[in-house]
Structure formats: structure tokens, C-alpha cells
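There are 2 protein chains.
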Amino acid sequence: MITTNLQLRNLMEELTGNESTGNAITLRTLQPKQRLIVQDQALQSVYIIRSGVTKCFITENNERDYILDFLGEGEILGEIEAIRHTRATCTIEAITPLTVYTMSSVQFHHFFKTLPTFGSVVLELIATRLARISEKAARQQLYTLSEILPQLLSALESQQITFTKQDLSEYLGISVRSLNRLLKDADNTTI
Amino acid sequence: MITTNLQLRNLMEELTGNESTGNAITLRTLQPKQRLIVQDQALQSVYIIRSGVTKCFITENNERDYILDFLGEGEILGEIEAIRHTRATCTIEAITPLTVYTMSSVQFHHFFKTLPTFGSVVLELIATRLARISEKAARQQLYTLSEILPQLLSALESQQITFTKQDLSEYLGISVRSLNRLLKDADNTTI
DNA sequence: CAAATTTTGGGACATTTGTCCCACTTACAG
DNA sequence: CTGTAAGTGGGACAAATGTCCCAAAATTTG
Numbered sequence: 005m006i007t008t009n010l011q012l013r014n015l016m017e018e019l020t021g022n023e024s025t026g027n028a029i030t031l032r033t034l035q036p037k038q039r040l041i042v043q044d045q046a047l048q049s050v051y052i053i054r055s056g057v058t059k060c061f062i063t064e065n066n067e068r069d070y071i072l073d074f075l076g077e078g079e080i081l082g083e084i085e086a087i088r089h090t091r092a093t094c095t096i097e098a099i100t101p102l103t104v105y106t107m108s109s110v111q112f113h114h115f116f117k118t119l120p121t122f123g124s125v126v127l128e129l130i131a132t133r134l135a136r137i138s139e140k141a142a143r144q145q146l147y148t149l150s151e152i153l154p155q156l157l158s159a160l161e162s163q164q165i166t167f168t169k170q171d172l173s174e175y176l177g178i179s180v181r182s183l184n185r186l187l188k189d190a191d192n193t194t195i
Numbered sequence: 005m006i007t008t009n010l011q012l013r014n015l016m017e018e019l020t021g022n023e024s025t026g027n028a029i030t031l032r033t034l035q036p037k038q039r040l041i042v043q044d045q046a047l048q049s050v051y052i053i054r055s056g057v058t059k060c061f062i063t064e065n066n067e068r069d070y071i072l073d074f075l076g077e078g079e080i081l082g083e084i085e086a087i088r089h090t091r092a093t094c095t096i097e098a099i100t101p102l103t104v105y106t107m108s109s110v111q112f113h114h115f116f117k118t119l120p121t122f123g124s125v126v127l128e129l130i131a132t133r134l135a136r137i138s139e140k141a142a143r144q145q146l147y148t149l150s151e152i153l154p155q156l157l158s159a160l161e162s163q164q165i166t167f168t169k170q171d172l173s174e175y176l177g178i179s180v181r182s183l184n185r186l187l188k189d190a191d192n193t194t195i
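Taken in sequence, the protein lines are chains A and B. Quick note: the first sequence, position 48, residue 52 per the numbering used here, numbers continuous. Quick note: the second sequence, position 188, residue 192 per the numbering used here, numbers continuous.
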């Protein structure tokens, strides 16, 4: 539900404390609803979440949003854009108070090439994200929502934060109305 | 519609001809409907398409398939599994006669680390794939199919191969019946 | 604390999509 | 050439989802 990567979080903590790498990394804080990255914007930085949770979403031309994932501690942001030299493909918005490590895109490339641990952790993170989003897309197309909902609800219970119905429905790619209907029906069958 | 990566294809051609790297790469040929990778299977190799087209799909527990993408020349296969040390997350099936370059997963990691060009091309390819599948997922959730279909049809026209209705509907994540209905309606509005 | 705003819950109806089924065409093996 | 299988096209109905709308609850703000 909320992805994290403690390995990368710990590594960043280490790099920040290290004399030779620490001054390339700064910290930044955001409040809920503030946006770290805005779709179609050119980026100069790469971020790694130190604490807090964000939503990563795509806004289509019809102004509707689709939430790809909720990203938490140790997740990296803006790396796809740094690698591909493109504008932001999605928007990153804080849904809790947020602290991120910040480095320039150039520095990111430098770390990636010169620090084997950083390189392999980031590579694995991106590969994992690709697998996750692929599986999510498949699940959403192949199952009816009433089959997906129970999984989502149990995933929600183990989370410490609560999501708005709006966010949940955008994560599922359905309207709030449909989500409400499903939740009501789920209740009835449980009783 | 069909993704390709000529940069990687050319690079592989070069590496195959090169004395020091060539003997780590072999060629393999498949016929349409043959499977190069089967979901949940453990892999020992990484493949790069030399010629032909494949479909990359996920089979869910309800036996339905979702086609993530059609992969053509220069696309890499099995790299996610090599990076993450996991079993195959999807199945790769030839839909035309296919020739692939084959290398062991170990060799893949070695190339990635020691050949800067190979590393950066593969990294960029994976990043691009992540962006593509994210956009596809968003599009499928946020637009009605009648809005997506015209884009798909125009993409189809520029392709040299024809897809079965089955494949197209699995790419869209809908039933063949729905696809037929949409195609019929699209015709009527055009007339 | 009260007003204003956001969030939630749900009725009623339209639209979309799936399921089941059958007929017609096309490709291919014997 | 012929029978079988695979692929295509579509009717009829059921189920899922969206849209529009309104009211109650919760949250924020002055």
C-alpha cells in the first residue's frame, strides 16, 4: 500500500553524515498538500523521503487524477526524470508532514556511478517499482473491484495513517460514489 | 504500441561481433506462440530482441491475461528478474518469428557494471518502461474506452503487423465482445 | 462559538462493460 | 477438397460503474 525502502533511507542517513558526501545533500520540509514535484515541470533535483508519506499521481487532460502509488520512507523521487532528461511525468504531493533529502540531478548521476551500493539499491528500487505498477495495472483490469477491495481494506488496517475517500478512489481509479457503494456492500456481506 | 530500442539493438550487434564480449552472447530463435519466459519461473538468462515482436503479459489467478506491452527490436527481457533475484513476473510470448540475443544473468550484471554505455542504455530503457506503463495505467482508468480507441487505431495503422482481437482486447483489459462493440460504434460515428 | 467549507453517504437513473450464446468466416491439416 | 479448429461479429440480458444531485457529518476558519 505504502512503499518504503529502509535500505536506501539508511544509506542516505549515512551519506548525509559522511564528510565527503554530506555537503551534496540538504534537507527540505513540506506540509500536507504541498507539492514537491508538479507534472510537466522541469526538474533539477532528486529527492529521497526521510519521513512522511506522499501520493504520486498523474493528471490526465480531462483533469482527473490517477494515483500510481503512495510513497513513504526511503522512496526516491525525480530519478526517472533525471535518468531520462525529461519533464516530470507525475505530481508528488505530501499527505503527511514530509522531510526529504535533496540532491542535484548531476549529483544523483555521480552517486549512481561512483557509489556501488547507492547504484544497486536505486536500480533494484526502480525494478521493484516497475513490477509493482505492472501488477497493479493487471489487477485493476482483470478483477472486479469487489474482489480487490478486501485486499485493499486489509492493507489499510496495517497502516498508521488514514486516507481520504477521494485518495482511495483515485488510487483504485474509480469514482468516490462507486467506492462508497462497494464499502457499503462489503459491510452487508460481512454482517 | 510496439516499443523498440535501436540503441540497444545496435549495441548488442556490436558486442556480439567483439572478440572479448562476443562469446558471452548466443542467439536463439522462436516461432510464434512459443514462450521465452513463463510467469513464476526462475530465470538464469537475460534476453534482448534482435528481430520480431513479443507480447508481455500477466496471468492472474482467475486465468485472465493482461498484456502490459508489445516488445520489439532492442527490448530487453528478464532484466527485472535478474536485478531483483525473483521469479518471472510475467510471460513473454512470440507473436512473430523471433530472434533474441541471450546472455546469463551473471553476464548481464557484469556488462551493466563494466560497460558504461550498456549500463546507461539499459537504465534509461527501464526508466522509460516505468513511465510508459504508468501512463498506460492512468489512461485506462481515467478515460472511457471510446476515447482511447481512436488513439489505438491510429497507432495500429502505422504498424506492419496485425494483432488478433484477442490480443488487442487483452492489451486494453476488456473482453473481445466489448472491443467489437466499440469498433462497430466507432465505424458508425465515422460514416 | 458560529459560519463556511470539505468530506462522507447514498438515491435515482444512464451508460458502459461483461457474460452467455450462436452463426458466419477463415485457416489449416488430413 | 473437406472437416475441424480458430477467429470474428453481434443479439440479449445482467452486472458494474458513472453522473447528477442532495443531505448529514466533520473539519476548518474567522
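By construction, the Cβ of each residue, glycine as well, lies at the ideal position given by its N, Cα and C atoms.
Within the segment 153-185 of chain A, the complete alpha helix (DSSP H) segments at least 4 residues long are 169-176, listed from N- to C-terminus.
In the structure shown, the three-state DSSP call for M5/B is coil.
The contact set of T95/A on chain B, defined by CB atoms closer than 8 Å, is empty, because the minimum CB distance reaches about 12 Å. Listed along chain B are A142, R143, L146, Y147, each with a C-beta nearer than 8 Å to that of E64/A.
Per DSSP, the continuous beta strand (DSSP E) segment holding I53/B begins and ends at 49-55.
Between F61/A and the set V180/A, K188/A, S173/A, the nearest pair of CA atoms involves S173/A. The C-beta of R185/A comes no closer than 7 Å to any C-beta of chain B.
DSSP places T58/B within a strand segment (E or B) once states are collapsed to three. Non-local beta-carbon contacts of R32/B in its own chain, meaning distances under 6 Å to residues more than five positions away in sequence, involve V104, T106 in chain order. Around Y70/B, the beta-carbon contacts reaching into chain A at under 8 Å are A141, A142, Q145, L146. Under the Cβ distance rule, L127/A counts among the residues neighbouring chain B, one pair being separated by less than 7 Å. Within the segment 109-136 of chain B, L127, E128, I130, A131, T132, R133, L134, A135 place their CB atoms closer than 7 Å to a CB of chain A, listed in sequence order. Taken through DSSP and simplified to helix, strand or coil, D44/A comes out as coil. Residues of the segment 167-182 of chain A whose Cβ lies closer than 7 Å to any Cβ of chain B, in chain order: G177.
Taking CB atoms only, I52/B has no neighbour in chain A less than 7 Å away. Within the same chain, and ignoring the five residues on either side of F112/A in sequence, the residues whose Cβ sits closer than 6 Å to its Cβ are V50, A86.
When only Cα atoms are considered, T93/A and L19/A end up about 28 Å apart. Within the model, the alpha-carbon separation for L81/B versus I52/B is close to 6 Å.
Taking C-beta separations shorter than 8 Å and ignoring five residues to either side along the sequence, the partners of L47/B in its chain run I41, G82, E85, A86, R91, A92, S109, following chain order. Contact note: I87/B reaches chain A through L127, E128, A131, using a C-beta cutoff of 8 Å and chain order. Interface with chain A (7 Å Cβ-Cβ cutoff): S138/B is included. In the three-state reduction of the DSSP assignment, I80/B falls in the strand class, which pools E and B. For S55/A, the closest C-alpha among the options R39/A, L176/A, E67/A, T8/A is that of T8/A. In the structure shown, T95/B adopts extended strand secondary structure according to DSSP, grouped into three states. Counting every other CB atom within 10 Å of its CB across the protein chains shown gives G26/A a total below 16, marking it as exposed.
E67/B and E17/A have their C-alpha atoms some 44 Å from each other.
Residue environment for A159/B: exposed (fewer than 16 other C-beta atoms within 10 angstroms of its C-beta).
With fewer than 16 other CB atoms across the displayed protein chains lying within 10 angstroms of its CB, K37/B is exposed. Secondary structure in the segment 93-147 of chain B: the beta strand (DSSP E) runs of 3 residues or longer, each lying completely within the stretch, are 95-98, 102-108 in chain order. Nearest CB-CB separation between I84/B and chain A: below the 7 Å threshold.
T33/A sits in a strand when the DSSP states are folded into three classes.
Pairing T63/A with R143/B, the inter-Cα distance amounts to about 10 Å. Straight through space, the alpha carbons of Q163/B and L15/A are spaced by roughly 46 Å.
Note on E161/B: under 16 other CB atoms within 10 angstroms of its CB, so exposed under the neighbour-count rule.
Residue nearest to T166/A within the set I178/A, S150/A, A141/A, F74/A is F74/A (criterion: CA-CA distance). Residue burial annotation: S179/A is exposed, with fewer than 16 other C-beta atoms found within 10 angstroms of its C-beta.
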